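Numbering (the numbering used here), first residue to last: 623 to 747. Inspection log for the structure reproduced underneath, given as C-alpha cells.
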C-alpha cells in the first residue's frame, strides 16, 4: 500500500470540499487546545508535579499558532487550495514545533522568566 496525499485519516472528503475549514482549524485549534493544557498545568502546579511536559505542550501550541497561521495563510493564498495538503503542512509544523519545544523548553522558560524580571524592574522604576 503506497502513501497518498489524497488521504488524511478518513477526513479527506470534508477537507477536500472545504479547504477554508482547514485554514480556520489551523489558526484556532492551537488556541482551543491551549485552554485545557493550561488547566492541566494549573492542576500540576498545585500538586507540585513536574511542569516540563506541560511547558513543552504550551510552547508547541504557542509557536504552532504563530508559525502555523502564517504558513497556512501563505500556502492558502499563494499555492493551490488543496485542503489535504494544507492539513499535512500544518501537521508538519505542529510536529516540528513539538520537537523544537521539547529540545529547547528550559531555554524558552528561562527567556520568559528573564523577560518578566526585566518588565518588573522597569515597572518599579
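All C-beta atoms in this analysis are idealised placements derived from N, C-alpha and C, irrespective of residue type, glycine included. This one's a predicted model, so the numbers in the text were calculated from it and none came from an experiment.
So, does the segment 674–686 touch the segment 696–711, judging by three or more C-beta pairs under 8 Å?
No, the segment 674–686 does not touch the segment 696–711.
By alpha-carbon positions, which one of 725, 691 and 743 ends up nearest to residue 644?
When each option's Cα is compared against that of residue 644, the closest is 691.
Just to confirm before moving on: does the CB-CB distance between residue 648 and residue 694 stay below 8 Å?
Yes; because the gap between Cβ atoms is below 8 Å, this pair is in contact.
Under the rule that 16 or more other beta-carbon atoms within 10 Å means buried, what is residue 740, buried or exposed?
Looking at its Cβ environment, which holds fewer than 16 other Cβ atoms inside 10 Å, residue 740 is exposed.
According to DSSP, is residue 670 part of a helix, a strand, or is it coil?
In the structure shown, residue 670 sits in coil (DSSP, three-state: anything other than H, G, I, E or B).
Beta carbon of residue 687 nearer than 8 Å to that of residue 652:
For the pair residue 687 and residue 652, the CB atoms are nearer than the 8 Å cut-off.
Which of helix, strand or coil DSSP assigns to residue 742
Helix at residue 742.
Own chain residues within Cβ distance below 7 Å of residue 715, not counting five before or after:
Within the same chain, Cβ atoms closer than 7 Å to the Cβ of residue 715 are found at 686, 689, 690 and 693, the five residues on either side in sequence being excluded.
Within the continuous alpha helix (DSSP H) that includes residue 692, where are the two ends?
Unbroken alpha helix (DSSP H) run through residue 692: 691–700.
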